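Participant: What follows is a single structure, and I will ask about it in a moment.
There are 2 protein chains.
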Amino acid sequence: MNGALSALAPHSSKRISEYAQRHPGTIDLTVGLPSFGPPRSFGERLAVLSGSPGESARPEDRYAHSRGAIELRAAIAQVYRSEQGIDLDPDTQLLVTNGAAGALWIAVLTVTEPGDEVLLADPAYMIYPPMIELLGRRVVRVPTSAADGFALHVPDLRKHLTERSRVVLVNSPGNPTGRVTGGGELADLCTFASEHGLYVIHDEVLDRFAYGIEHRSVAALDHHGHGIAVNSLSKRFGVSGWRIGWMVGSPAVIAEAAKAHTFFMLAVSHAVQLAAAAALRDPEADGELSVHAAEIQRHGERFLADVAQLPGLGGTAFPDGGFYAFVDVGEFARLRGIHVEDSIGSAVAEYLLHECGVAVVPGSAFGRAGERFVRMSFAGGPGQLDRALERLAE
Amino acid sequence: MNGALSALAPHSSKRISEYAQRHPGTIDLTVGLPSFGPPRSFGERLAVLSGSPGESARPEDRYAHSRGAIELRAAIAQVYRSEQGIDLDPDTQLLVTNGAAGALWIAVLTVTEPGDEVLLADPAYMIYPPMIELLGRRVVRVPTSAADGFALHVPDLRKHLTERSRVVLVNSPGNPTGRVTGGGELADLCTFASEHGLYVIHDEVLDRFAYGIEHRSVAALDHHGHGIAVNSLSKRFGVSGWRIGWMVGSPAVIAEAAKAHTFFMLAVSHAVQLAAAAALRDPEADGELSVHAAEIQRHGERFLADVAQLPGLGGTAFPDGGFYAFVDVGEFARLRGIHVEDSIGSAVAEYLLHECGVAVVPGSAFGRAGERFVRMSFAGGPGQLDRALERLAE
Chain U
0 MNGALSALAP
10 HSSKRISEYA
20 QRHPGTIDLT
30 VGLPSFGPPR
40 SFGERLAVLS
50 GSPGESARPE
60 DRYAHSRGAI
70 ELRAAIAQVY
80 RSEQGIDLDP
90 DTQLLVTNGA
100 AGALWIAVLT
110 VTEPGDEVLL
120 ADPAYMIYPP
130 MIELLGRRVV
140 RVPTSAADGF
150 ALHVPDLRKH
160 LTERSRVVLV
170 NSPGNPTGRV
180 TGGGELADLC
190 TFASEHGLYV
200 IHDEVLDRFA
210 YGIEHRSVAA
220 LDHHGHGIAV
230 NSLSKRFGVS
240 GWRIGWMVGS
250 PAVIAEAAKA
260 HTFFMLAVSH
270 AVQLAAAAAL
280 RDPEADGELS
290 VHAAEIQRHG
300 ERFLADVAQL
310 PGLGGTAFPD
320 GGFYAFVDVG
330 EFARLRGIHV
340 EDSIGSAVAE
350 YLLHECGVAV
360 VPGSAFGRAG
370 ERFVRMSFAG
380 GPGQLDRALE
390 RLAE
Chain W
0 MNGALSALAP
10 HSSKRISEYA
20 QRHPGTIDLT
30 VGLPSFGPPR
40 SFGERLAVLS
50 GSPGESARPE
60 DRYAHSRGAI
70 ELRAAIAQVY
80 RSEQGIDLDP
90 DTQLLVTNGA
100 AGALWIAVLT
110 VTEPGDEVLL
120 ADPAYMIYPP
130 MIELLGRRVV
140 RVPTSAADGF
150 ALHVPDLRKH
160 LTERSRVVLV
170 NSPGNPTGRV
180 TGGGELADLC
190 TFASEHGLYV
200 IHDEVLDRFA
210 YGIEHRSVAA
220 LDHHGHGIAV
230 NSLSKRFGVS
240 GWRIGWMVGS
250 PAVIAEAAKA
260 HTFFMLAVSH
270 AVQLAAAAAL
280 RDPEADGELS
290 VHAAEIQRHG
300 ERFLADVAQL
310 PGLGGTAFPD
320 GGFYAFVDVG
330 EFARLRGIHV
340 EDSIGSAVAE
350 YLLHECGVAV
360 VPGSAFGRAG
370 ERFVRMSFAG
380 GPGQLDRALE
390 RLAE
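Listed in order, the protein sequences are those of chains U and W.
Per numbering that gives the first Met the number 0, the first sequence starts with residue 0, numbered consecutively.
Per numbering that gives the first Met the number 0, the second sequence starts with residue 0, numbered consecutively.
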């Protein structure tokens, strides 16, 4: 058995959300899934592709092109044209994957060798470190701080550079911090990266949920072929269950990534790709998405303003992007006399789960710099948020 | 960039099948895909899950359980009960993956560490070696020979054992050789493996295409928790494009594999899993499958008997299983005066492609022991096989 794998605990948010599922009265703020479902165009296209199969296999019953159905790649290129103002070549700059997770590890595998180092913020999304380590690469955490909104600063990256540094992994809009790395800041990261021969992998799955600060993709800012964007349909269209993601990169990177993808995956679901293409080309779906994002923002702002009124949670603020509030619970723990064994965030998450029936993720799941925090999703809709607030206020 | 990845050529069958797609007159015998499509129950269930989405996300729009939808795991367990006479616990012994390919690499990652060795036959399915090497594990090829039907013998495995040996990878019914490893032989492999602390990973995607010799799964023969079966819906139901596969193993192996799967994949497509469950539970689909397999056998037997009449191809025989004939073309090359540069199989594949308009895969794609061979799929249906025969006879 793989000792490195055995040593990894299943991530704690999974444990808590499984508890929440076993206790139906629990209000589950652990999972960052919007309450809206897929656009009509997605389901309609898929229903056509599913219905009444004949005796013979249809093209979509067979393997898609290993880089992804060209129809979907063209639709993705069109999205980047309209949202980021760039022209991607669907033939050479895109690879369709099993969600953004499926793009991330293929990207890491493609641009690094065993023992190479991937720099990433502490705190950061919880699957990055185990995924990187299981590939035999090393994780180098660069601490960030709530004091300046968890920015990843170039001087801090520079301090952690070694001969084995190969990648800076950026997540913006960020999970769990909600930080949006602005265009100027991202351009500085790219400059730093190209000076040192690093790749910048940008997980931008929350791209359409930036509030106030404009979302910029590394695909639009990097001019040296070292930027790799990783994205998916999941948050955009509420279709995390359907598993469609993609990678954007230089032709050289995508050629190698596509080769690796063939060996591990052959391809991803053909018909679902075609449904994804229909949704991405659908102006109505795009309009609904803007409405959904504005609603999530409105409900989240109200919820967090109310949370900030609760004793000990006065520092709670609405983030620049994403679905999550990363809430400092140090003062809350003190006021409520919560006994802390492991970390403040874990103790508060346990307290909220068992005393209030509200499930949140302890910040320690995202790294040491998150130990005073818990992550609360505000994507679940106003009814859920109101009930959560009532329980928190009790 | 990853040097090991850059050094890998895209596999040659891919190059040839892409050529075939660009030249529509070509008869493509490279791809082992049956001509039949999915059963009605599959499409019907999926159409229901696709159609008329409401405002809100439905459960199947959201992540499936990371081990797979329990409904699908229960259906898979039922298949093994009826076909292999074993009781699998759907909660602890099954993991649903992105096709069998997605199960294979997770299995290798789970039971080995970097530098560990995986023993496999030469010739063997072409994605095994690059997939294993890209994970930082080592491939140890054990030569087999056409003289005894490409059997993988325990004494030969023993000769290749080292301190780093961890896995024997068996593919039965086999691609490209068509070999079916019988129950006694597979049991011997399991005994050998447990004596030496090895895992036996059994790729059994062609399980329902065994002719004459009964297919036995390692899941039914291993009693020491060291057997791991890898399988998929692709060949069984003609749905390679939909990407549903699975892994069967001991609770200890599956627990670790499921953890790794979460970090890399989160889950695979939820609704497609539910459609897969419907198809696996459908007795009509099972009946159709038996008919399809019998048809493939009948057409293949006739086709290969005719091929064996062609000058230089007299040794061609119908295999014990699968969709492929692995044909010794040494004499054929000599009779036709084909100039050999790289390998006999490559030269003959190029000749058949350009002179006859018939695409086959050179045996060298599967390993050194395949250099005198080409692989021809006979799954494409009688019309295609008749046209291929005409051209080969010209």
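Where a beta carbon is used, it is the ideal one built from N, C-alpha and C, also for glycine.
Treat the numbers as computed from the prediction; the structure is a model and nothing was measured.
Within the continuous beta strand (DSSP E) that includes I200 of chain W, where are the two ends?
Facilitator: From DSSP, the beta strand (DSSP E) with I200 of chain W extends over 198 to 202.
Participant: Against D60 of chain W, what residues of chain U qualify as contacts under a CB-to-CB distance less than 8 Å, listed in chain order?
Facilitator: Near D60 of chain W (Cβ distances below 8 Å), the residues of chain U are G36, P37, G237, V238, S239, G240, W241.
Participant: Mark V360 of chain W as exposed unless 16 or more other C-beta atoms lie within 10 angstroms of its C-beta, in which case mark it buried.
Facilitator: Buried: at least 16 other Cβ atoms inside 10 Å.
Participant: Give me the Cα-Cα distance between A76 of chain W and I69 of chain W, rounded to the nearest whole angstrom.
Facilitator: Going by the C-alpha atoms only, they are around 10 Å apart.
Participant: List the residues of chain W that T109 of chain U touches, going by C-beta distances under 9 Å, in chain order.
Facilitator: Near T109 of chain U (Cβ distances below 9 Å), the residues of chain W are M0, N1, L4.
Participant: Whose Cβ in chain W lies nearer than 9 Å to the Cβ of A277 of chain U?
Facilitator: Simply none; closest approach about 11 Å.
Participant: If you follow the beta strand (DSSP E) that R390 of chain W is part of, which residue opens it and which one closes it?
Facilitator: Segment 381 to 392 is the alpha helix (DSSP H) holding R390 of chain W; no beta strand (DSSP E) there.
Participant: So which residues of chain U does I126 of chain W contact, with C-beta pairs closer than 9 Å?
Facilitator: Those within 9 Å of I126 of chain W in chain U are T261, F262, F263, L265.
Participant: Would K158 of chain W count as contacting chain U if we go by Cβ distances under 7 Å?
Facilitator: Closer than 7 Å: no.
Participant: Interface residues of chain W around K234 of chain U at Cβ under 7 Å?
Facilitator: Correct list: empty, because the minimum Cβ distance to chain W is about 11 Å.
Participant: Can the beta-carbon of L168 of chain W be found closer than 7 Å to that of R215 of chain W?
Facilitator: Going by C-beta atoms, L168 of chain W is not nearer than 7 Å to R215 of chain W.
Participant: Use the C-beta contact count for T161 of chain W: other C-beta atoms within 10 angstroms, 16 or more gives buried, fewer gives exposed.
Facilitator: Result: exposed.
Participant: Are any of the Cβ atoms in chain W nearer than 7 Å to that of R130 of chain U?
Facilitator: Arg is not the amino acid found at residue 130 of chain U; the sequence shown has Met there. Output row for M130 of chain U: interface = yes.
Participant: Would you say R140 of chain W and D115 of chain W are within 7 Å of each other, going by their C-beta atoms?
Facilitator: Cβ distance not < 7 Å, so R140 of chain W and D115 of chain W don't count as in contact.
Participant: Report the rounded CA-to-CA distance for S5 of chain U versus G211 of chain W, giving the unit in angstroms.
Facilitator: Each residue's alpha carbon lies about 42 Å from the other.
Participant: Looking at C-alpha atoms only, which residue of U:S363, U:A257, U:L279, U:F372 is the closest neighbour of A324 of chain U?
Facilitator: Ranking U:S363, U:A257, U:L279, U:F372 by Cα distance to A324 of chain U puts U:F372 first.
Participant: Looking at C-beta atoms only, is the number of pairs between the segment 96 to 113 of chain U and the segment 222 to 231 of chain U that lie closer than 8 Å three or more?
Facilitator: Short answer: they touch.
Participant: From this set, U:M375, U:P175, U:H195, U:D60, which residue's C-alpha is nearest R163 of chain U's C-alpha?
Facilitator: It is U:H195.
Participant: Buried or exposed for E203 of chain U, going by 16 or more other Cβ atoms inside 10 Å?
Facilitator: Its Cβ being crowded by 16 or more others within 10 Å, E203 of chain U is buried.
Participant: Does the beta-carbon of P23 of chain W have 16 or more other beta-carbons within 10 angstroms, so that it is buried, or is it exposed?
Facilitator: Counting Cβ neighbours within 10 Å, P23 of chain W comes out exposed, since fewer than 16 surround it.
Participant: Check the Cβ-Cβ distances between L32 of chain U and every residue of chain W, and say whether any is below 7 Å.
Facilitator: Closer than 7 Å: yes.
Participant: Counting contacts by CB-CB distance shorter than 7 Å, is L45 of chain U in contact with chain W?
Facilitator: So yes, L45 of chain U belongs to the interface.
Participant: Cα separation between P89 of chain W and I253 of chain W?
Facilitator: Going from the Cα of P89 of chain W to the Cα of I253 of chain W covers about 11 Å.
Participant: Taking S342 of chain W and S363 of chain W to be in contact with their CB atoms under 8 Å, please state how far apart those CB atoms are, rounded to whole angstroms.
Facilitator: S342 of chain W to S363 of chain W, Cβ: 4 Å. Contact.
Participant: Anyone know if the C-beta pair for L45 of chain W and S49 of chain U falls short of 7 Å?
Facilitator: A contact, by the Cβ cut-off of 7 Å.
Participant: Which runs of the alpha helix (DSSP H) at least 4 residues long sit entirely within the segment 34 to 80 of chain U? Give them in chain order.
Facilitator: If we require 4 residues or more, the alpha helix (DSSP H) runs fully inside the segment 34 to 80 of chain U come out as 39 to 49.
Participant: According to DSSP, simplified to helix, strand and coil, what is M246 of chain W?
Facilitator: DSSP places M246 of chain W in strand when its eight states are reduced to three.
Participant: Short of 7 Å Cβ to Cβ, which residues in the segment 162 to 188 of chain W face chain U?
Facilitator: For the segment 162 to 188 of chain W, which is checked against every Cβ of chain U, not one residue is closer than 7 Å.
Participant: Could you tell me whether the Cβ of A150 of chain W comes closer than 7 Å to any Cβ of chain U?
Facilitator: No, A150 of chain W lies away from the interface with chain U (no Cβ there is under 7 Å from its Cβ).
Participant: Nearest to H298 of chain U by CA position, among U:V238, U:D147, U:G380, is which residue?
Facilitator: The shortest Cα separation from H298 of chain U among U:V238, U:D147, U:G380 belongs to U:G380.
Participant: In chain order, what residues of the same chain have a beta carbon less than 7 Å from the beta carbon of G313 of chain U, not counting five sequence neighbours either side?
Facilitator: Correct list, in chain order: A307.
Participant: Who are the neighbours of L7 of chain W on chain U, taking C-beta pairs under 7 Å?
Facilitator: K258, listed in chain order.
Participant: Over the uninterrupted beta strand (DSSP E) stretch that includes R140 of chain W, give me the two end residues.
Facilitator: Note, R140 of chain W: beta strand (DSSP E), 137 to 142.
Participant: List the residues of chain U that L133 of chain W touches, going by C-beta distances under 8 Å, in chain order.
Facilitator: Near L133 of chain W (Cβ distances below 8 Å), the residues of chain U are L108, A259, F262, F263.
Participant: With a 10 Å radius around its C-beta and 16 neighbouring C-beta atoms as the bar for buried, classify A218 of chain U as buried or exposed.
Facilitator: So A218 of chain U counts as buried.
Participant: What does R66 of chain W reach in chain U if we use C-beta pairs closer than 7 Å?
Facilitator: Result: empty, since nearest Cβ-Cβ is about 11 Å, beyond 7 Å.
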